[in-house]
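Inspection log for the structure reproduced underneath, given as structure tokens.
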Amino acid sequence: MRRVSIFGATGSIGQNTIDLIKRAPDEYDVVALTGASNIKQLAEDAKALNAGIAVTADEARLPELRAALQGSGVEAAAGAQAITEAAHRPADWIMSAIVGAAGLAPGMAALAQGTTLALANKESLVCAGNLLLETGRAHNAEILPVDSEHSAVFQALVGEPMDAVERIIITASGGAFRDWPLADLPNATLAQASSHPNWDMGQRITIDSASMFNKAMEIIETREFFGVDPAMIEVLIHPQSMIHALVGFNDGALMAHVGPPDMRHAIGYALHHPARAHLPVERLDLAAIGTFEFRAPDDTRWPALRIAREVMARGGLAGAVFNAAKETALDGFIGGHLKFTQMSDVVSRTLEQMDASGGHIDATMTLDNVLETDQMARKAAWDAIHKLGQ
Ligand code: NDP
Ligand code: MG
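According to this note's numbering, the stretch in the sequence shown is residues 543 to 932, in order.
See below:
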């Protein structure tokens, strides 16, 4: 039996992971499941999978979780510290699918036990790529990509020499507003931004797809994961979301990964790696699809793509500032304090402000420094939101 834990079990990635585990319950011993606000789902899955422990990030909800688990034999715990402690519990495979920078500390704890980390939480790579990868190396822990584009690149690279790679192309659907007139973008509503044309995902990443902040994060994620020069990374708009990425080699060959837009593929690949196993995803009928469509991305529509390049050129803890500013700008948009197009203004202003205010971006990349910079950047981003709102 493989011991598995799922961090962010109640979310979109977490539920897709649980779907795969529930199809073969005899193969898995579930060590820990974590969630935040969705106590009902957390308790239901923890009982169904007979998990060792269920943890909610929200300390105030512990009594509710305890009550829901009563008599089941599943332990209950709460708080950020308890989540990180759960990541120390021995497991052979750990899914990192908490949303946001909150996934960093548990991911680091998981790596410190030398486990295989299936990484959906791209924020931790953007905030602290070096730190995460070095922790993995130091403890002989394997990190497998779960983001669909990065899983696709990873699969296209199997058996290939890295020095023959010329370029990595990650695709983007273009999100909810790819065909909108630019003049309408400032008036995009929360409901409009929260609906994705192809993928069924959590609300935050869906809005990030519309603004392309998700793709901006993924450019940085590609750089960190595959150690390539930023100039080798390209973004290609592909509205159908069936080609997830392409790797270009020095002989002109392009290896593309093609599959339906279903996260259970990338999750399942990471779950069974290095083997391949049957997965319950749709088989594409290419003749019925007929054509694949591509377009060049447009930095005017999606300033996030340009900002990602600036962040990589700046280096240091600029990724932590970028992620914190992006998360805060998203909170601002969701809370009705910002227009859709103002999110990128907040992120740019926060990066400028943090760069001007001395030392933070150039501090050594330790977990403490990253978390402190994250907090300062969030404060600077709220200041920027309030100024823009005036
Ligand atoms: P969801 O919003 O659907 O789920 C997020 C999960 O994190 C939930 O379990 C949520 O708990 C939990 N959570 C929220 N806040 C905290 C916190 N402060 N501390 C601990 N746990 C918390 O997100 P997704 O599943 O869409 O995304 C998860 C990660 O995977 C993100 O990093 C995202 O970028 C990445 N990803 C997602 C893809 C997708 O298809 N969804 C594709 C590629 C990457 P609760 O729901 O109980 O409040
Ligand atoms: Mg992706």
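The beta-carbon is built from N, C-alpha and C at its ideal position, and this holds for glycine as well.
Can you tell me whether residue i is helix, strand or coil according to DSSP?
{"i": "Q891", "result": "Position check: residue 891 holds Arg in this sequence, whereas Gln was assumed. The answer is helix: DSSP assigns R891 an H, G or I state."}
{"i": "P781", "result": "coil"}
{"i": "D916", "result": "helix"}
{"i": "G540", "result": "No statement about residue 540 is possible, as the shown extent of the chain runs from 543 to 932 and does not include it."}
{"i": "T552", "result": "coil"}
{"i": "E510", "result": "The question about residue 510 has no answer, for the chain in this structure spans 543 to 932."}
{"i": "A838", "result": "coil"}
{"i": "S690", "result": "helix"}
{"i": "L575", "result": "strand"}
{"i": "A610", "result": "helix"}
{"i": "M907", "result": "coil"}
{"i": "M896", "result": "helix"}
{"i": "T598", "result": "strand"}
{"i": "R818", "result": "coil"}
{"i": "M854", "result": "helix"}
{"i": "M650", "result": "helix"}
{"i": "A585", "result": "helix"}
{"i": "W924", "result": "helix"}
{"i": "E617", "result": "strand"}
{"i": "R603", "result": "helix"}
{"i": "E641", "result": "Glu is not the amino acid found at residue 641; the sequence shown has Val there. Three-state result, V641: coil."}
{"i": "V863", "result": "helix"}
{"i": "E627", "result": "helix"}
{"i": "R545", "result": "strand"}
{"i": "R709", "result": "strand"}
Just tell me which of the options has its CA closest to the CA of residue i.
{"i": "F767", "options": "H879, A652, E665 and A817", "result": "E665"}
{"i": "G790", "options": "A706, I903 and L611", "result": "A706"}
{"i": "Q745", "options": "E869, I712 and G861", "result": "E869"}
{"i": "A926", "options": "E914, A866 and M907", "result": "A866"}
{"i": "H738", "options": "N911, S715 and Q895", "result": "S715"}
{"i": "I779", "options": "V888, S547, R843 and A817", "result": "R843"}
{"i": "V688", "options": "A730, V863, L675 and M805", "result": "M805"}
{"i": "I712", "options": "F549, L732, A787 and Y811", "result": "A787"}
{"i": "D873", "options": "V863, W924 and R856", "result": "W924"}
{"i": "G877", "options": "Q917, L828, L893 and H928", "result": "H928"}
{"i": "G615", "options": "G645, P772, L667 and A588", "result": "A588"}
{"i": "H814", "options": "A619, F549, N592 and Y570", "result": "Y570"}
{"i": "I761", "options": "V912, L727, G794 and I710", "result": "I710"}
{"i": "A593", "options": "A660, A829, A622 and R544", "result": "R544"}
{"i": "L913", "options": "P605, A830, A812 and L859", "result": "L859"}
{"i": "D568", "options": "A590, S554, V863 and D793", "result": "A590"}
{"i": "N558", "options": "A808, M918, D721 and A855", "result": "A808"}
{"i": "S547", "options": "L661, R720 and A643", "result": "L661"}
{"i": "D721", "options": "P781, A644 and N663", "result": "P781"}
{"i": "L659", "options": "M918, G613 and Y811", "result": "Y811"}
{"i": "E586", "options": "T626, D827, T552 and V573", "result": "T552"}
{"i": "T677", "options": "N663, T657 and L828", "result": "T657"}
{"i": "T626", "options": "I595, S899 and P605", "result": "I595"}
{"i": "A795", "options": "M743, E708 and H630", "result": "E708"}
{"i": "S554", "options": "V641, A624 and H630", "result": "V641"}
{"i": "T892", "options": "F875, M918, G901 and N663", "result": "M918"}
{"i": "H799", "options": "F719, M896, S753 and S693", "result": "S693"}
{"i": "G577", "options": "A566, R631, A644 and A855", "result": "A644"}
{"i": "L575", "options": "H630, A566, A855 and G801", "result": "H630"}
{"i": "M774", "options": "F834, R679, H681 and M854", "result": "M854"}
{"i": "P772", "options": "E617, A620, L675 and R856", "result": "R856"}
{"i": "E617", "options": "V573, S890 and Q623", "result": "V573"}
{"i": "G832", "options": "G861, M784, A819 and A922", "result": "M784"}
Quiz: which residues have CB nearer than 7 Å to ligand 2 non-hydrogen atoms: D689, S690, E691, N756 and E760
Counting Cβ pairs closer than 8 Å, one from the segment 579-588 and one from the segment 598-607, do we hit at least three? Yes: at least three Cβ pairs fall under 8 Å.
Inside the segment 714-802 only - alpha helix (DSSP H) runs reaching at least 4 residues: 732-735, 745-753 and 755-768
If you scan the segment 659-687 from start to end, which runs of the alpha helix (DSSP H) of 4 or more residues do you find wholly inside it? 664-680, all fully within the segment 659-687.
Quick check: the segment 822-838 against the segment 759-775, are there 3 or more CB pairs under 8 Å? no
Assess, as a yes-or-no matter, whether the segment 870-883 is touched by the segment 734-750 under the definition of 3 or more beta carbon pairs within less than 8 Å. yes
With three or more C-beta pairs closer than 8 Å as the rule, is the segment 644-655 touching the segment 842-852? no
Assess, as a yes-or-no matter, whether the segment 560-568 is touched by the segment 604-613 under the definition of 3 or more beta carbon pairs within less than 8 Å. No: the two stretches stay apart, fewer than three of their Cβ pairs being nearer than 8 Å.
Meets three-Cβ-pair contact criterion under 8 Å: the segment 897-908 and the segment 667-676: yes
Touch test, the segment 831-838 against the segment 628-636, Cβ-Cβ under 8 Å, three pairs minimum: no
Do three or more CB pairs link the segment 686-702 to the segment 722-738 at distances below 8 Å? no
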